[in-house]
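Written out below as structure tokens is the structure these notes cover.
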Amino acid sequence: MTKSIKNASAFSLEIKENGIGVISIDVADESMNVLKAEFAEQVTEVLDQVEANKDIVGLVLVSGKDNSFVAGADVAMLDSCETAEQVKEIAQLGQNLFNRIEAMTIPVIAAINGPALGGGLELAMACHGRVVSDSEKTVLGLPEVQLGLLPGSGGTQRLPKLVGLQKALDMMLAGKQLRGKQAVKAGLANDIVPNSILLKTAIEMALKGKPVIKKKKQPLVTRLLENNPFGRKVLFDQAGKQVMRLTKGNYPAPFKIIECIRTGVEKGTKKGLEIEAQRFSELCMTPESKALRGLFFATTAMKKENGVAGVDPIKVKKAGILGGGLMGGGIAFVTTTKAGVPARIKDIAHEGIRNAFKYSFDILNKKVKRRFMQHSQMQKQLSMLSAGTDFVGFKDMDIIVEAVFEDLSLKQNMVADIEANCNEKTVFASNTSSLPIRDIAAKAARPENVIGLHYFSPVDKMPLVEVIATDKTSDETISTTVEFARRQGKTPIVVKDEAGFFVNRILGLYMNEAAQIAMEGEPVNKIDKALTKFGFPVGPMTLLDEVGIDVGSKVSAILFDAFGERFTVPSAMEKLIADGRKGKKNQKGFYKYGKTAKRSFIDKLTFANKGKQVDESVYSVLGVSPKSKLKPEQISERCVVQLLNEAARCLDAGIVRSARDGDIGMIFGTGYPPFQGGPFRYMDSLGIDNLVEILNGYKAIHGDRFEPADVLVKMAKDGKTFY
């Protein structure tokens, strides 16, 4: 007979007739299971019951929720700690509990459906075996590095023993997650089954005793690197160099992860756990982790908000896309695959339609080839996409996203076409990157339905969208558009309808300053390196090549027309356009592309000219001789303070609703260094008075474009901060 031991705990024990105890994890008032420090007592109580009952021959841990095993530890719990010692106690508490599970004489099996992340995976790894469901939602990983932390409850010690050093480093340093099949292949899980028989399989595994870990046959390179001290030294040293190359030393957590793993391998698990708890507590107090946790809380809060407080969105059931180019294809892809909404593309040319379908096919086919999805799933998702050169099927569309050329009259005609061919509630969302939405809606019969929805390229990867409302856009349209973007997997911020909106306006001054520095003769690659050292994923010159020098020039001109002298277009832009340089798209920009970028045999032999190669002819076009005069810190400071100054102006003018939204917009839209928490948090940490002083210093040298924003001057005087 099955016996249940019920209490108010998040951990309940049920004893089956066959002697298997099933511990069900169900955290009240949480959509997903998360681990909290106060659960230690509850877990201890349940484990005491298990060990006291000699009839229990095995134990299975399973989630009481249908969407997650355990999605990680409660981040708010860590954020509330005031000292490193408090954090260390939490880490040691987790370590001791998981050590106790691992040391149990009866077999303990984790039955995993949904995410098992962070502390959730550390709990599962303390068990003697793991069975995972074949659900798409089942993922296993240790993503703590994304919060500036490391796995603090034994993860750095247990993962390498299960999957090997190289795989463990790869997972922890990048926060990578494994799907069910990948987890089994890597040795992280013992079996994968449909969710319908997950618990049954885990119970059967427990009845057979502790699973025997099968030694996988290792490739020769793996044996050389992982099974001897010299090879491991090479492996750890290379991992450190790779981390430095990718992070420029701006993120301390990856280096501490390497240290913890290395300590465990070289000095034993006990010493490894000691170092793990110590480094975990130290990292939790760093400004980098605090900034990354702040970003986590901000994005979590945004997911619960409507576009307009108190105004519910209309659920989008069908969507139309106008324009089958790169942007249209990307928008259609996230609409069908992420939002699960059927999308119909309209383009005037069949070639545009083919390109849009190819966009989705290429991404999905790559997933099939990598065995991330089945071919039948790919076909199902592609079947949600349809297209035509007319408006057939548009009558019952809930939202239309327009992604045609940046031509005002064309976009106004699109509004008229939609109003004629759709229903009176259909939302018209323009993906314009520069044209004011009020101008696009100027001739609209129903301006309340017109809104901006600015995606960033490539659409399938960039997480941000700007939702741009005019003074005539209805609240319902705003909430509907925000919710639609969120279903597409995007992080939407609502911004005011001004030229450049928020992200491109701020980026405009940043890019202009980089161009001014280039006109002073600073080498192109040095400018880029200075900004990547600061923390940007790519430098401004590379970015200009990527987005298109012609596009950058056009946006700069629009910003100049709107805001005047401080947005004066650098002469560099005119010279580059006159020389036919558009950047990567016509393989002619600041850098070499195509055949001209190929390195010589001698270069390859001597490892010379690695990475992007500057097209030296660009200097003669600009009329300068490259000569390095400025320090990298001076280059990055000049570009960044322009960005900060304009961000402050935007917030003061109500272009963004809050400093929080502005920080998220810049991080997700431009790759602004996440470890700083965003431009507004960075201004607070830098000191508003210091920023004003720096701007005035540059103003004295370079003129009025460095004039401090009025709001910064006032804040410095009053001793105020953004947060």
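If you count the sequence shown from 1, position 253 lands on 253 in the UniProt record's numbering, and the numbers rise without skipping. Using N, Cα and C, we set each Cβ at its ideal position, and we do this for glycine too. Please read all numbers here as calculations on a predicted model, not as lab measurements.
Query raised in the report: Do residue 176 and residue 170 have their CB atoms nearer than 8 angstroms?
Result: Looking up residue 176 in the sequence shown gives position 176. Looking up residue 170 in the sequence shown gives position 170. Yes, the pair counts as a contact, with Cβ atoms nearer than the cut-off.
Query - Unbroken alpha helix (DSSP H) run spanning residue 170, endpoints - result: By 1-based counting over the sequence shown, the position of residue 170 is 170. That run of the alpha helix (DSSP H) goes 165-174.
Query raised in the report: Under a three-way DSSP split, which group does residue 491 fall into?
Result: As a position in the sequence shown, residue 491 is number 491, starting the count at 1. Strand.
Query raised in the report: Which value, in whole angstroms, describes the spacing of the CA atoms of residue 363 and residue 381?
Result: Taking the first residue of the sequence shown as 1, we reach residue 363 at position 363. Taking the first residue of the sequence shown as 1, we reach residue 381 at position 381. Their backbone Cα atoms lie some 11 angstroms apart in a straight line.
Report task. Mind reading off the beta-carbon distance from residue 401 to residue 480? Whole number of angstroms is fine, and I expect it under 8 angstroms. Result -> The residue you call residue 401 lines up with position 401 of the sequence shown. The residue you call residue 480 lines up with position 480 of the sequence shown. So it is not a contact: roughly 12 angstroms between Cβ atoms.
Query - Backbone secondary structure at residue 624 - three-state DSSP - result: For the purposes of this step, residue 624 is taken as the residue at position 624 of the sequence shown. Note: residue 624 maps to coil in three-state DSSP.
Query raised in the report: DSSP puts residue 141 in a beta bridge; with which residues?
Result: Position 141 of the sequence shown holds residue 141. DSSP, once it has assigned bridges, lists 117 and 177 as partnering residue 141.
Query - According to DSSP, residues forming a beta bridge with residue 128 - result: The count along the sequence shown starts at 1 and reaches residue 128 at position 128. None; residue 128 has no bridge partner.
**Report entry** Residues near residue 342 by beta carbon distance below 6 angstroms, same chain, minus five either side
**Finding:** Along the sequence shown, one-based indexing puts residue 342 at 342. Excluding residues within five positions, the ones whose Cβ falls inside 6 angstroms are 318 and 384.
Query raised in the report: Mind checking residue 580: buried by the 16 CB within 10 Å criterion, or exposed?
Result: Here residue 580 corresponds to residue number 580 of the sequence shown, with the count starting at 1. Per the 10 Å Cβ criterion, exposed.
Requested in this report: Using beta-carbon positions only, say whether residue 132 and residue 112 come within less than 8 angstroms of one another.
Outcome: Locating residue 132 in the sequence shown gives position 132, counting from the first residue. Locating residue 112 in the sequence shown gives position 112, counting from the first residue. Yes, Cβ-Cβ distance for residue 132 and residue 112 is below 8 angstroms.
Query raised in the report: Do the segment 434-446 and the segment 461-471 touch if we need at least three Cβ pairs shorter than 8 angstroms?
Result: yes
Query raised in the report: Taking Cβ positions, are residue 562 and residue 499 nearer each other than 8 angstroms?
Result: For this step, residue 562 is matched to residue 562 along the sequence shown. For this step, residue 499 is matched to residue 499 along the sequence shown. Cβ atoms of residue 562 and residue 499: closer than 8 angstroms.
Report task. Look at the alpha carbon of residue 698 and the alpha carbon of residue 262, and state the distance between them as a whole number of angstroms. Result -> Locating residue 698 in the sequence shown gives position 698, counting from the first residue. Locating residue 262 in the sequence shown gives position 262, counting from the first residue. So the alpha carbons of these two residues sit roughly 46 angstroms apart.
Report task. Ignore the nearest five residues each way along the sequence and tell me which others in residue 339's own chain have a CB closer than 6 angstroms to its CB. Result -> Locating residue 339 in the sequence shown gives position 339, counting from the first residue. 487 and 488, listed in sequence order.
Query raised in the report: Mind checking whether residue 34 and residue 57 have CB atoms under 8 angstroms apart?
Result: Locating residue 34 in the sequence shown gives position 34, where the first residue counts as 1. Locating residue 57 in the sequence shown gives position 57, where the first residue counts as 1. No, the pair does not count as a contact, with Cβ atoms beyond the cut-off.
**Report entry** Residue nearest to residue 575 in terms of C-alpha spacing, selected from 595, 619 and 219
**Finding:** Taking the first residue of the sequence shown as 1, we reach residue 575 at position 575. Cα-wise, what sits closest to residue 575 is 619.
**Report entry** residue 725 versus 627, 632, 589 and 641, residue with shortest Cα-Cα distance
**Finding:** Only positions 1 to 723 of the chain appear in this structure, which leaves residue 725 out of reach.
Query raised in the report: Should residue 280 and residue 75 be called a contact, given that it needs their Cβ atoms to be closer than 8 angstroms?
Result: Mapped onto the sequence shown, residue 280 falls at position 280. Mapped onto the sequence shown, residue 75 falls at position 75. Taking 8 angstroms as the Cβ cut-off, residue 280 and residue 75 do not qualify as a contacting pair.
Query raised in the report: With 16 other CB atoms within 10 Å as the buried threshold, where does residue 657 fall?
Result: Here residue 657 refers to the residue found at position 657 when the sequence shown is read from its first residue. Flag for residue 657 reads exposed.
**Report entry** Span separating the alpha-carbon of residue 230 from that of residue 221
**Finding:** Translated into positions along the sequence shown, residue 230 becomes position 230. Translated into positions along the sequence shown, residue 221 becomes position 221. The alpha-carbon atoms of residue 230 and residue 221 are separated by roughly 13 angstroms.
Report task. Just grab the DSSP bridge partners of residue 63 for me. Result -> Mapped onto the sequence shown, residue 63 falls at position 63. Answer by DSSP bridge pairing, in chain order: 25.
Query raised in the report: What are the uninterrupted segments assigned as beta strand (DSSP E) that are 3 or more residues long and contained completely in the segment 422-472, given in chain order?
Result: 427-430, 450-455 and 464-469
Query raised in the report: Which residue comes first and which comes last in the alpha helix (DSSP H) that contains residue 638?
Result: Here residue 638 corresponds to residue number 638 of the sequence shown, with the count starting at 1. That run of the alpha helix (DSSP H) goes 632-652.
Requested in this report: Alpha carbon to alpha carbon, how far is residue 695 from residue 706? Give it in angstroms, no decimals.
Outcome: Residue 706 sits at position 706 when you count from the first residue of the sequence shown. Residue 695 sits at position 695 when you count from the first residue of the sequence shown. Each residue's Cα considered, the two are about 6 angstroms apart.
Report task. Using the Cα positions of residue 207 and residue 129, report the straight-line distance between them to the nearest angstrom. Result -> Working through the sequence shown from its first residue, we reach residue 207 at position 207. Working through the sequence shown from its first residue, we reach residue 129 at position 129. Distance between the alpha carbons of residue 207 and residue 129 is about 12 angstroms.
Query raised in the report: For the beta strand (DSSP E) that residue 344 lies in, which residues bound it at each end?
Result: Against the sequence shown, residue 344 aligns to sequence position 344. Where residue 344 is concerned, the enclosing beta strand (DSSP E) stretches over 343-346.
Query raised in the report: Rounded to a whole number of angstroms, what is the C-alpha to C-alpha distance between residue 123 and residue 98?
Result: As a working note, residue 123 is residue 123 in the sequence shown. As a working note, residue 98 is residue 98 in the sequence shown. Cα to Cα, residue 123 sits roughly 6 angstroms from residue 98.
Query raised in the report: Grouping DSSP H, G and I as helix and E and B as strand, with all else coil, what is residue 553?
Result: The residue you call residue 553 lines up with position 553 of the sequence shown. Residue state, collapsed to three classes: helix.
Query raised in the report: Quick one: is residue 95 buried, meaning 16 or more other Cβ sit within 10 Å of its Cβ, or exposed?
Result: Looking up residue 95 in the sequence shown gives position 95. Answer is buried; the Cβ neighbour count reaches 16.
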